[in-house]
Each structure stands twice: as C-alpha cells, then as structure tokens.
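Structure first, then comments.
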Amino acid sequence: MGREELAVDPVPLARRLLGCVLEARGDDGVVRVRLAEVEAYRGLDDPASHCYRGRTARNEVMWGPAGHLYVYFVYGMHFCANIVGLSDGEPGAVLLRAGEVVEGRELAASRRPTARGGGAVAKGPAVLTSVLGIDRSHNGVDLTDAGSPVRLLAGRPVPSDRIHAGPRVGVAAAMDVPWRFWIAGSPAVSTYRRGGRARTRVRRP
DNA sequence: TGATGGATTAGCT
DNA sequence: GCTAATCCATCAG
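So, in structure tokens, the structure goes:
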C-alpha cells in the first residue's frame, strides 16, 4: 500500500484499512493478519488521542509521515499498534484492534498459546501485536517499505454495508463519536467495553 | 519527586 | 462480573 493512500484523515483511513492485510516477518517466520476491527484517533481535536496533550517522546511517530507504525506500551504488559495517517504536522492514527490470522497460524498460536480461537483470530489490540510479534522495537517502522519487517498489504475490499461503526472501546473521552469500525460478523471483533474510571484499585496492606 | 491510572487480557468466582 | 499483573507518561505538589 502506498503512502498517499494512507496520508488521509484517520476516520476515513480506518474504514479503508478494514480488510487490508498486515504482514510481520520475524526470525521464526511470517504472520499475516486481515484487519477486522480498527479505531480512529484524531490528534489535536480528540481528547482520547495520545496527541491531544501535545508532542512528546512517546507519540513522536504520530507527527511523522503517514504509513508508519506507532507502537505504545499499556498496563505494564501490553503493546498496541497504530497506523499513522495524515501528513507531516497533522497528527492522527488508527489503532489496530483485531483481525483474522490468514497466514502463519501455528506461529501465531505459539506466540499466544492462551488466546481463544486456536490461532485463527487476533481478538483485541494486545493480542494482535503479540501474534504478529510486534513490540517497542517496531515503533516508527515504515509500513510502505518492502524491506520493513512489518508491512501493510492491500486486501479484498470490504463492501460498505458490511462495515459497522460505533463508539471506541475502553475510552472515556469523546464517547459520542463513532470512530470504531469493524467488519460485521467477523469472529475477530472484540467485545465492547465502555470506557470510564479505572476499575477499583485494591491496595494491599 | 511521587502518585496515579491507562486505547488490556486472562483467569477465577 | 471482578481482579491481578505491572511499566511509564503525565500531572500535582
């Protein structure tokens, strides 16, 4: 997929990414995932975006050129991957939430032995990254470069009536914007969880 | 400089 | 439905 196709507003970009294939090559083999669920995060206007509070070392990649991978670490143990959209100076990205494993199922299953679906689905953003073997070292990778370990490939287009939209998962801010998109009926789509205050934090004595 | 809580997941009740 | 696991960016003091 070319950079021009990706250098657009993250909301239409999110729709376009459904059905596309993300390929990750590692020492142990190749895994390909067909994207089934994504969410748009629109920089400066969006209180839920990592860019909302300005440019920092963590979100640096989002200010860079489109078509690069933004990887961040959450909850002390998980990675999430985004595809950067728009062009220089205009931050925005699409969070990759889930997909179907279309190649390298065994490898995917071995990387995530406890995941449901026997390696056929990557249901949830952190499952997706671990199945693909994506971690901090992949932050900033150019998805449009044939030599990159992670690449974005065009897939079968998804008919627009199969694309559904709704509120983003686990996000407290801007719950009214339907910037989560998924392929209706896909077994990979994650179950919706409302955002809000963190679940009760029990402090050990 | 210390506290807080998150674009989460899996396992248990 | 509830909670532990566990790093680090951000914010309050």
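Position in the first sequence (from 1) plus 73 gives the number in our numbering. Positions of the beta carbon are idealized from the N, C-alpha and C atoms, including for glycine.
Taking Leu225 as the reference, give the member of Pro83, Ala80, Leu95 with the closest Cα. Leu95
Suppose you measure from the CA of Leu108 to the CA of Tyr265; what does that come to, to the nearest Å? Taking the straight line joining both Cα atoms gives about 17 Å.
To which residues does DSSP link Cys124 through a beta bridge? Answer is none; Cys124 lacks a bridge partner.
Below 7 Å CB to CB, which residues in the same chain sit around Gly191 once its five sequence neighbours on both sides are set aside? The answer, listed in chain order, is Ala182.
In the DSSP assignment, the beta strand (DSSP E) including Ala78 goes from what residue to what residue? The question names Ala, but residue 78 is Glu in the sequence shown. Segment 76 to 79 is the alpha helix (DSSP H) holding Glu78; no beta strand (DSSP E) there.
Counting pairs of Cβ atoms below 8 Å between the segment 130 to 143 and the segment 252 to 268, do you hit three or more? no
Which value, in whole angstroms, describes the spacing of the CA atoms of Val103 and Ala97? 6 Å
Are the Cβ atoms of Ala199 and Phe152 separated by less than 8 Å? It is a contact, given that the beta carbons lie within the stated cut-off.
When the Cα of Gly220 is compared with those of Leu79, Gly99, Arg89, which residue comes out closest? Gly99
Runs of 4 residues minimum, wholly inside the segment 140 to 227: which ones carry the alpha helix (DSSP H) assignment? Taking 4 residues as the minimum length, the alpha helix (DSSP H) runs contained wholly in the segment 140 to 227 are 178 to 184, 198 to 205, in order along the chain.
Tell me which residue opens and which closes the beta strand (DSSP E) that Arg98 is part of. 94 to 99
Report the rounded CA-to-CA distance for Val106 versus Val174, giving the unit in angstroms. Distance between the alpha carbons of Val106 and Val174 is about 4 Å.
Please name the residue or residues paired with Tyr114 in a DSSP beta bridge. Ala166
Find out if the Cβ-Cβ distance for the pair Leu205, Gly158 is shorter than 8 Å. no
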